[in-house]
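Note that our numbering has the sequence shown beginning at 18, numbered continuously upward. From the three backbone atoms N, C-alpha and C, an ideal C-beta is built for every residue, glycine too.
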Amino acid sequence: MNCSVVNETDFKISSEILNKCVFAILEERGIKEHFSCSIVLVTPEKIHKLNREYYKKASVTDVLTFESGEEDYKGEIVICPSFQKDKIFDDKFEPIGDRGRQCMRSISSGLEWALCHAVVHGTLHLLGIHHENESERKKLHRFEQKIIKRVFNER
18 MNCSVVNETD
28 FKISSEILNK
38 CVFAILEERG
48 IKEHFSCSIV
58 LVTPEKIHKL
68 NREYYKKASV
78 TDVLTFESGE
88 EDYKGEIVIC
98 PSFQKDKIFD
108 DKFEPIGDRG
118 RQCMRSISSG
128 LEWALCHAVV
138 HGTLHLLGIH
148 HENESERKKL
158 HRFEQKIIKR
168 VFNER
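This is the structure:
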């Protein structure tokens with residue numbers, strides 16, 4: 018397994034944990050063949066442009082996937098960390114004192130978790146696993162949670 022991580026943002030995250038997310042899915046699904054992909058962290062402006070150009074949606078989103086159609090290289094997972102961060106907390110929040118620092122550690126972990134969720138979700142799409150209805154979405158979400166918990170418990 019080989020997944021390159023390209024970070025076009027100021028967000029700091031270990032490429033190791035993002036790769037662990039991909040590996041955990043492959044292991045859980047029993048996929049032993051060669052798998053490679055690219056994980057690209059982008060700005061809200063860039064993901065908005067990609068979403069409009071390729072999916073005909075004029076909005077910022079958390080994750081987009083682009084399948085390559087190749088056997089070994091599955092494609093790109095494009096993630097917007099700012100979108101994830103905005104889901105976690107209001108940018109106007111300024112931590113003060115010990116409680117503030119605790120909250121920031123929690124937010125930092127939350128952002129890491131959210132980025133891992135986006136990688137897991139994107140990887141499943143690259144593997145051809147989609148959610149066409151609410152029932153499938155819930156089933157996929159449960160599987161995603163299982164993978165993320167596994168990755169975080171192995172740290």
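Buried or exposed for residue 29, going by 16 or more other Cβ atoms inside 10 Å?
Taking the sequence shown and counting its residues from 1, one reaches residue 29 at position 12. Label assigned to residue 29: exposed.
Whole angstroms is fine: what's the gap from residue 68's alpha carbon to residue 62's?
If you number the sequence shown from 1, residue 68 lands on position 51. If you number the sequence shown from 1, residue 62 lands on position 45. Using only the alpha carbons, I get a separation of about 10 Å.
Boundaries of the alpha helix (DSSP H) in which residue 91 is found, first to last residue
Reading the sequence shown from its first residue, position 74 is the one you call residue 91. First-last for residue 91: 90-96, but that is the beta strand (DSSP E), not the alpha helix (DSSP H).
Taking the C-alpha atoms as reference points, what is the distance between residue 150 and residue 137?
Here residue 150 is taken as the residue at index 133 of the sequence shown, counted from 1. Here residue 137 is taken as the residue at index 120 of the sequence shown, counted from 1. Roughly 19 Å separates the two Cα atoms.
Given that a residue counts as buried once 16 or more other Cβ atoms are within 10 Å of its Cβ, and exposed if not, what is residue 75?
Stepping through the sequence shown from its first residue, residue 75 is reached at position 58. Exposed, since its Cβ has fewer than 16 Cβ neighbours within 10 Å.
Within the same chain, show all residues whose beta-carbon is closer than 8 Å to that of residue 25, passing over the 5 residues directly before and after it, in chain order.
As a position in the sequence shown, residue 25 is number 8, starting the count at 1. Excluding residues within five positions, the ones whose Cβ falls inside 8 Å are 57, 58, 59, 60 and 63.
Identify which residue in 160, 143 and 148 has its Cα closest to the Cα of residue 20.
For the purposes of this step, residue 20 is taken as the residue at position 3 of the sequence shown. Considering only alpha carbons, the answer is 143.
Taking all protein chains shown into account, decide if residue 37 is buried (16 or more other Cβ within 10 angstroms of its Cβ) or exposed.
Along the sequence shown, one-based indexing puts residue 37 at 20. Its Cβ being crowded by 16 or more others within 10 Å, residue 37 is buried.
Neighbourhood of residue 22 by C-beta, 6 Å cutoff - its chain only, sequence neighbours within 5 removed:
Taking the first residue of the sequence shown as 1, we reach residue 22 at position 5. These residues qualify, in order along the chain: 32, 35 and 56.
Can you give, in chain order, each stretch of the beta strand (DSSP E) that sits fully within the segment 29-74 and has at least 3 residues?
53-58
Pairwise C-alpha distance: residue 44 and residue 96
Working through the sequence shown from its first residue, we reach residue 96 at position 79. Working through the sequence shown from its first residue, we reach residue 44 at position 27. Rounded to whole angstroms, residue 96 to residue 44 spans 23 Å at the Cα level.
Alpha carbon to alpha carbon, how far is residue 78 from residue 49?
Locating residue 78 in the sequence shown gives position 61, where the first residue counts as 1. Locating residue 49 in the sequence shown gives position 32, where the first residue counts as 1. One C-alpha to the other measures close to 31 Å.
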